[in-house]
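Undergrad: Here it is, the structure, as structure tokens.
Numbering (the numbering used here), first residue to last: 1450 to 1609.
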């Protein structure tokens, strides 16, 4: 059996965060931030649970990592996320000076790391982000597809 790459290993941990979101009935998106081989921030989608637009996996993980580092700059960190970041999260990643983002599934409806816009690599900004796309794509994509398929079935039968 093939050994997992470092990116795959950390993406598996982001998937575990996404499973926490799914257990709450949230869209299953998870994130971890790594610095020098250690996870310093974790987060998962909690928008409905917290009734908060800002409760995205990446924002939670960035907040926790910033507290751990004692700085708003997260230079030297890598962010792993199961779904391509939206415009808000992409902006926060650029603002936090995170140098590298590893993405599981693309987000054709709201992705701002290349699908709709590419905020992470916009040349007008003073910081660009290295991106690695498609790490454990099938696992990340399947989790989201199953969630939305189940949601449509529940809505069709009138169960919430």
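Glycine is no exception: its CB is placed at the ideal position from the N, C-alpha and C atoms.
Assess contact between the region 1551-1563 and the region 1595-1607, defined as three or more Cβ pairs (one per stretch) separated by less than 8 Å. Is contact present?
TA: In short, these stretches do not touch, since the Cβ pair count stays below three.
Undergrad: Taking the C-alpha atoms as reference points, what is the distance between residue 1556 and residue 1519?
TA: Residue 1556 and residue 1519: Cα-Cα distance of roughly 31 Å.
Undergrad: State buried or exposed for residue 1553, treating a residue as buried only when at least 16 other CB atoms are found within 10 Å of its CB.
TA: Classification for residue 1553: buried.
Undergrad: Could you work out which residue in 1475, 1483, 1492 is closest to residue 1500 when comparing CA atoms only?
TA: Here the closest residue by C-alpha is 1475.
Undergrad: Per DSSP, residue 1476 is paired with what?
TA: In DSSP, residue 1476 forms no bridge with anything.
Undergrad: Who are the near neighbours of residue 1636 in its chain, counting only those whose CB is closer than 6 Å to its CB and skipping five residues on each side?
TA: In the structure as shown, the chain begins at 1450 and stops at 1609. Residue 1636 is therefore absent and cannot be evaluated.
Undergrad: Around the Cβ of residue 1575, are there at least 16 other Cβ atoms within 10 angstroms (buried) or fewer (exposed)?
TA: Per the 10 Å Cβ criterion, exposed.
Undergrad: Could you round the C-beta distance between residue 1539 and residue 1503 to whole angstroms and report it? I think they count as a contact, below 8 Å.
TA: That pair is no contact at about 14 Å.
Undergrad: Between residue 1481 and the ligand SAM, is there a pair consisting of the residue's CB and a ligand heavy atom that are separated by less than 7 Å?
TA: Judged by which ligands are present, the structure shown has none, so any question about the ligand SAM falls away.
Undergrad: Kindly indicate which residue of 1546, 1531, 1451 has the alpha-carbon position closest to the one of residue 1584.
TA: The candidate whose alpha carbon is nearest that of residue 1584 is 1531.
Undergrad: At what residue ranges does the region 1474-1537 contain a whole run of the alpha helix (DSSP H), taking only runs of 4 or more?
TA: Complete alpha helix (DSSP H) runs here, min 4: 1496-1499, 1506-1518.
Undergrad: Given this structure, state the Cα-to-Cα distance separating residue 1550 from residue 1544, to the nearest angstrom.
TA: Answer to the nearest angstrom: the Cα atoms are 13 Å apart.
Undergrad: For residue 1494, count the other beta carbons within 10 Å of its own beta carbon; 16 or more makes it buried, fewer makes it exposed. Which is it?
TA: The residue is buried, with at least 16 neighbouring Cβ atoms inside 10 Å.
Undergrad: Quick check on residue 1593: buried or exposed, where buried means 16 or more other Cβ atoms within 10 Å of its Cβ?
TA: So residue 1593 counts as buried.
Undergrad: Work out the CA separation of residue 1607 and residue 1581 for me, nearest whole Å.
TA: Between residue 1581 and residue 1607, the C-alpha separation is close to 40 Å.
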